[in-house]
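K.L.:
Before I ask anything, here is the structure I am working with.
Right, here's the structure in full:
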């Protein structure tokens, strides 16, 4: 949990993807997130968080549906949504917080 604060307390937008290996929708987001990370380069960070391995964090953030995506900047949550998103939508959202 203490590492989480370090991850999201950056001056660039941080896209978090809460997923599990056994969730089909989560798995379909993997290539989308790779595209987002490639498009944004060092202007943003994309971090995948396995809910099964980080259950305390998922509980603290009230992650219910998978995948759940969040954007943080400077330690503050800016955007959150459950369900699949396309790369262009996510890139657009990240650019809003640059």
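Residue numbers (my numbering): -7 to 90. Even glycine gets a Cβ: it sits at the ideal position worked out from N, Cα and C.
Taking 8 Å as the limit between beta carbons, can you name the residues of its chain near residue 76, skipping five residues before and five after?
P.N.:
Only 17, 20, 21, 24, 59 meet the Cβ criterion.
K.L.:
Evaluate residue 65 with the Cβ neighbour count: other Cβ atoms within 10 Å of its Cβ, from every protein chain shown; 16 or more gives buried, anything less gives exposed.
P.N.:
The residue in question, residue 65, is buried, as its Cβ has 16 or more Cβ neighbours within 10 Å.
K.L.:
Got a sec, what are the start and stop residues for the alpha helix (DSSP H) residue 26 sits in?
P.N.:
Its alpha helix (DSSP H) spans residues 16 to 32.
K.L.:
Along the chain, where does the beta strand (DSSP E) containing residue 41 start, and where does it finish?
P.N.:
Unbroken beta strand (DSSP E) run through residue 41: 37 to 42.
K.L.:
Residue 6 and residue 41: beta carbons closer than 8 Å?
P.N.:
The answer is no: Cβ separation not under 8 Å.
K.L.:
State the Cα-Cα distance for the pair residue 50 and residue 2, rounded to the nearest angstrom.
P.N.:
Going from the Cα of residue 50 to the Cα of residue 2 covers about 20 Å.
K.L.:
Only counting the same chain, and skipping five residues up and downstream in sequence, which positions put a Cβ closer than 7 Å to that of residue 85?
P.N.:
Taken in chain order, the residues that qualify are 63, 71.
K.L.:
From residue 82 to residue 4, what does the alpha carbon distance come to, in whole angstroms?
P.N.:
Their Cα atoms are separated by approximately 14 Å.
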